[in-house]
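Data first, discussion second: the structure below is written as structure tokens.
Residue numbers (this note's numbering): 1031 to 1509.
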């Protein structure tokens, strides 16, 4: 009897522990949802949001590199297109929030510079407005006239850039800026918008443009000769005079924001949505395998850094230690791991998916609770790490990552301060200055943080979109 009782006690204790853990997770989800709602309440008035563009503090973005104006008021990065996305996502369950999304989108259009071209990329140009409108739209006919006007200019910019890139290919010249192809300002990000527009409305022009961008990316990964050595086609020769922003004059980007992980995500997502072109699967495989060759390992586990030098590419890994950005979405492991997971899903490569999970787990072994990230935002903050961890854990059903997400969300919640205008403030990385500012937008501001909190709170009830459809996570190339 005593023996049987002794054997039963751990089971009872284990059940109690599991129940307590589940209750803690639910409490965390409720707290995340409550903070997100509080942030949204502070962002309701579009005039309050846009008033910040008259305040000097927003125009000292990276003081170590000189005063650089932030993205315009209509952008996803800092402005009303981003706050509209927050309310649009909330509007899936709340009609009042959907009306607020429309109000913010309308205000963004009113503040758009008339001379703005189709360029500027997904985060700062006309695609910001267009992507926000597609996410806000409840049906294909919503914002039809507005989107037709925006798309004409976006498609013209896309065609013009593709023609210029073909001429560069023919001349054998390297890129001078990652913003030609990347997520933030280039063809990968614009392609993700166009894919979402195609899924929403079914326009052949969108489908054809996505296919052309995919053809471009297939060509982009072909090696380029630099000083008689073969380097990846997305190698960027910026020049010494353009390297004053702290980045090296020569770089081969790995990350989701400015490297090859963004194009990998687009190629995978386009294929999942049924758009394929010759060489499509091979290009996905070549990029994925290249990223695996650039994967580092130390005593804590796997990691990627955001950029590779030409020397490292030619001679093999140099044992580069993890950078301060190793955990981030933009330049670090998190965004790359998610891109590799998406590629593995679409091609049925379980090993890629396993490595993506292993690398994301290792993020939490490399860093203390703040992960060396300077703020709670999406781009290079804890919010972006949270979003990546939630999605990788959800798709893989990895309980270790799910636990890390539950712990990480407490860090984001703890950063909330009701004394701040929007509850959260943006701070630059230490090496880039000491500016701390109220930022309302999607990429660096409170709207993006609220979306990451909501994604965690949603758990398995998160909105399931049609393949290729546009949602807030698509703007980070996470799906």
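Every residue, glycine too, gets a C-beta built ideally from N, C-alpha and C. Only a predicted model underlies this, so the values are computations on that prediction, with no experimental measurement involved.
List the endpoints of the continuous beta strand (DSSP E) containing residue i.
{"i": "residue 1013", "result": "The requested residue 1013 is not part of the displayed model; the chain covers only 1031 to 1509."}
{"i": "residue 1280", "result": "1280-1283"}
Which word fits residue i, buried or exposed, when buried means at least 16 other C-beta atoms lie within 10 angstroms of its C-beta?
{"i": "residue 1383", "result": "buried"}
{"i": "residue 1104", "result": "buried"}
{"i": "residue 1086", "result": "With a pLDDT of 44 at residue 1086, under the threshold of 50, the modelled position of this residue cannot be trusted, and the question is left open."}
{"i": "residue 1188", "result": "buried"}
{"i": "residue 1095", "result": "Low per-residue confidence applies at residue 1095: pLDDT is 39, beneath 50, and the placement is therefore not dependable enough to give any value."}
{"i": "residue 1150", "result": "buried"}
{"i": "residue 1500", "result": "buried"}
{"i": "residue 1166", "result": "buried"}
{"i": "residue 1212", "result": "buried"}
{"i": "residue 1304", "result": "exposed"}
{"i": "residue 1506", "result": "buried"}
{"i": "residue 1378", "result": "exposed"}
{"i": "residue 1098", "result": "Caution applies to residue 1098, whose pLDDT of 39 falls short of 50 and renders its modelled position unreliable; the value that the coordinates give is listed next. That one is exposed."}
{"i": "residue 1202", "result": "exposed"}
{"i": "residue 1293", "result": "buried"}
{"i": "residue 1034", "result": "Caution is warranted here: a pLDDT of 37 is assigned to residue 1034, below 50, making its placement in the model unreliable, and the coordinate value is therefore given only provisionally. Counting Cβ neighbours within 10 Å, residue 1034 comes out exposed, since fewer than 16 surround it."}
{"i": "residue 1257", "result": "exposed"}
So the alpha helix (DSSP H) residue i belongs to, where does it begin and stop?
{"i": "residue 1372", "result": "1363-1377"}
{"i": "residue 1078", "result": "1076-1080"}
{"i": "residue 1153", "result": "1151-1154"}
{"i": "residue 1236", "result": "1234-1250"}
{"i": "residue 1265", "result": "Where residue 1265 is concerned, there is no enclosing alpha helix (DSSP H), given that its DSSP letter is neither H nor E."}
{"i": "residue 1479", "result": "1476-1488"}
{"i": "residue 1418", "result": "1412-1426"}
{"i": "residue 1134", "result": "1125-1140"}
{"i": "residue 1168", "result": "It is not in any alpha helix (DSSP H) - residue 1168 carries neither H nor E in the DSSP assignment."}
{"i": "residue 1297", "result": "1291-1302"}
{"i": "residue 1396", "result": "1380-1396"}
{"i": "residue 1443", "result": "1429-1445"}
{"i": "residue 1114", "result": "1110-1120"}
{"i": "residue 1310", "result": "1310-1323"}
{"i": "residue 1225", "result": "1217-1231"}
In the DSSP assignment, what are the bridge partners of residue i?
{"i": "residue 1328", "result": "1331"}
{"i": "residue 1173", "result": "Per DSSP, none; premise fails for residue 1173."}
{"i": "residue 1030", "result": "Because the chain spans 1031 through 1509 in this model, residue 1030 falls outside it and cannot be assessed."}
{"i": "residue 1467", "result": "1456"}
{"i": "residue 1205", "result": "1266"}
{"i": "residue 1338", "result": "1282"}
Please identify the residue among the options whose C-alpha is closest to the C-alpha of residue i.
{"i": "residue 1253", "options": "1261, 1246 and 1247", "result": "1261"}
{"i": "residue 1483", "options": "1417, 1341 and 1450", "result": "1417"}
{"i": "residue 1345", "options": "1259, 1052 and 1441", "result": "1259"}
{"i": "residue 1199", "options": "1251, 1077, 1140 and 1329", "result": "1251"}
{"i": "residue 1246", "options": "1256, 1264 and 1379", "result": "1264"}
{"i": "residue 1268", "options": "1368, 1207, 1223 and 1318", "result": "1207"}
{"i": "residue 1243", "options": "1220, 1479 and 1140", "result": "1220"}
{"i": "residue 1078", "options": "1115, 1446, 1388 and 1137", "result": "1137"}
{"i": "residue 1113", "options": "1135, 1126 and 1125", "result": "1135"}
{"i": "residue 1423", "options": "1470, 1119 and 1371", "result": "1371"}
{"i": "residue 1072", "options": "1429, 1256, 1054 and 1117", "result": "1117"}
{"i": "residue 1209", "options": "1223, 1289, 1140 and 1256", "result": "1289"}
{"i": "residue 1055", "options": "1504, 1488 and 1503", "result": "1488"}
{"i": "residue 1283", "options": "1405, 1310 and 1214", "result": "1214"}
{"i": "residue 1171", "options": "1216, 1155 and 1231", "result": "1231"}
{"i": "residue 1413", "options": "1122, 1502 and 1481", "result": "1481"}
{"i": "residue 1328", "options": "1107, 1249, 1357 and 1350", "result": "1350"}
{"i": "residue 1081", "options": "1106, 1110 and 1065", "result": "1110"}
{"i": "residue 1359", "options": "1404, 1332, 1405 and 1287", "result": "1287"}
{"i": "residue 1052", "options": "1455, 1502, 1494 and 1436", "result": "1436"}
{"i": "residue 1365", "options": "1419, 1140, 1195 and 1432", "result": "1419"}
{"i": "residue 1127", "options": "1161, 1175 and 1075", "result": "1075"}
Confirm the yes/no value for this check: CB of residue i, any heavy atom of the ligand NAP, distance under 6 angstroms.
{"i": "residue 1405", "result": "This structure simply doesn't include the ligand NAP, nor any ligand for that matter."}
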